[in-house]
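Visitor:
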Amino acid sequence: MRARASIAAVAVAVALAAAACNGDDSSQSTTTTRATSGSTSTTEDTTSVTVGIICTTAEDAASSLVSAWSAGDKAAARRCATDAVVDQLFETDGAGNTWMSQGCDRTDPGIPVCAYTYEGGAAFLTVEGTEAEGWKVTRLELRAD
């Protein structure tokens, strides 16, 4: 059965090659191909890979959280913040926010605090982690003016 399928495949390839090599552009050629009976089976790949994308800096973690909040995307926010911080931040709608990054204070290099200001107050995001393991916002403090 496989021999017939192989012969049919070779015949089709030869016919297509011959048609492609035809030097006379003014004539038309027609190739007819007939399939032989056979069976084909396919298997789907069921292996999946989950790639964890980490926030590589404290600034990346803070800005990723704020961007995700602005977009209303809790799943993206959880990439670089703890569940508690995400839940706290998403108590209010982030669409149209006017938060401006003021950078990160590295008085304690192991636990930087990134500041954002907005009309009427400021937000302080405590970030913990390492470049190798990634950084996450672990605390959110909102202060009104």
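Numbered according to this note's numbering, the sequence shown spans residues 1 to 145. Virtual Cβ for every residue (Gly too), placed ideally from N, Cα, C.
Roughly how many angstroms lie between the CA atoms of ALA61 and ARG78, to the nearest whole one?
Guide: Each residue's Cα considered, the two are about 10 Å apart.
Visitor: Based on the DSSP secondary-structure assignment, which residues constitute the bridge partners of GLY129?
Guide: According to DSSP, GLY129 bridges with TRP135.
Visitor: Please return the same chain residues whose Cβ sits closer than 7 Å to the Cβ of TRP69, not counting the five positions on each side in sequence.
Guide: Around TRP69: ALA77, LEU89, PHE90, GLY94.
Visitor: Count the other C-beta atoms from every protein chain shown that fall within 10 angstroms of the C-beta of TYR116, then say buried if there are 16 or more, exposed otherwise.
Guide: Buried, since its Cβ has 16 or more Cβ neighbours within 10 Å.
Visitor: Within the continuous alpha helix (DSSP H) that includes ALA84, where are the two ends?
Guide: ALA84 -> alpha helix (DSSP H) spans 83-89.
Visitor: Considering only the alpha carbon of each residue, which of THR138, PRO112, TRP99, CYS104 lies closest to ALA122?
Guide: It is TRP99 whose Cα lies nearest to the Cα of ALA122.
Visitor: Around the C-beta of LEU125, are 16 or more other C-beta atoms found within 10 angstroms, so that it is buried, or is it exposed?
Guide: The residue is buried, with at least 16 neighbouring Cβ atoms inside 10 Å.
Visitor: Could you tell me if the beta carbon of TRP99 falls within a distance shorter than 7 Å of some heavy atom in the ligand ATP?
Guide: No copy of the ligand ATP occurs in the structure displayed, which carries no ligand at all.
Visitor: Out of VAL86, LEU140, GLY129, VAL66, state which residue places its alpha-carbon closest to the alpha-carbon of ILE54.
Guide: Closest by alpha carbon: GLY129.
Visitor: Among ARG106, TYR118, ASP87, which residue has its Cα nearest to the Cα of GLY96?
Guide: Closest by alpha carbon: TYR118.
Visitor: So is PRO112 buried or exposed if we call it buried at 16+ other beta carbons inside 10 Å?
Guide: Burial call: buried.
Visitor: First and last residue of the alpha helix (DSSP H) that includes ALA115?
Guide: Not the alpha helix (DSSP H): ALA115 falls in the beta strand (DSSP E), residues 113-118.
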